[in-house]
């Protein structure tokens, strides 16, 4: 087995620069509680890894630094990967007496961190006081249950998602 690890940054001139290689991770590292927070670093050592892990730490910044409510984002590694999604400012699902649940307009923002905690998912109360977690992203926001809706409190909307989801 061969393990290689490298780190690259995009510089202001648009070129990629290599930095000192990071230390090998021998265990998963989470932002907080592993059951409910985002994975920060995945372990590098595994019995079988059939491919390469790619971790992208990024902040989506509005074009020309002009605050916007939302904008499209694209991550691309030529000939390997293209991933497109949408980001937006903070908004909430809020319960209105006559109109039911309505989404507030997104706030104007200059940047949105690309982070699992801002994508769809999260935790919500379930029957009999149990806490239910979204299977694919327990760190996110926007996951709802009947019990959460019955509470009537504002619910934060995801800030990262597919264009059709936002």
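Residue numbers (the working numbering): 102 to 267.
Glycine residues also receive a C-beta, built at the ideal position from the N, C-alpha and C atoms.
Only a predicted model underlies this, so the values are computations on that prediction, with no experimental measurement involved.
If you look at residue 182, you'll find it isn't in any alpha helix (DSSP H); it sits in the beta strand (DSSP E) that goes 182-189. When rounded, the separation of the alpha-carbon atoms in residue 204 and residue 264 is 16 Å.
Taking all protein chains shown into account, residue 231 has fewer than 16 neighbouring C-beta atoms within 10 Å of its C-beta and is therefore exposed.
The stretch 192-212 makes contact with the stretch 152-168: 3 or more CB pairs, one atom from each, lie closer than 8 Å. Under the DSSP definition of a beta bridge, residue 193 partners with 257. Residue burial annotation: residue 242 is buried, with at least 16 other C-beta atoms found within 10 angstroms of its C-beta.
Secondary-structure assignment with DSSP links residue 233 through a beta bridge to 225.
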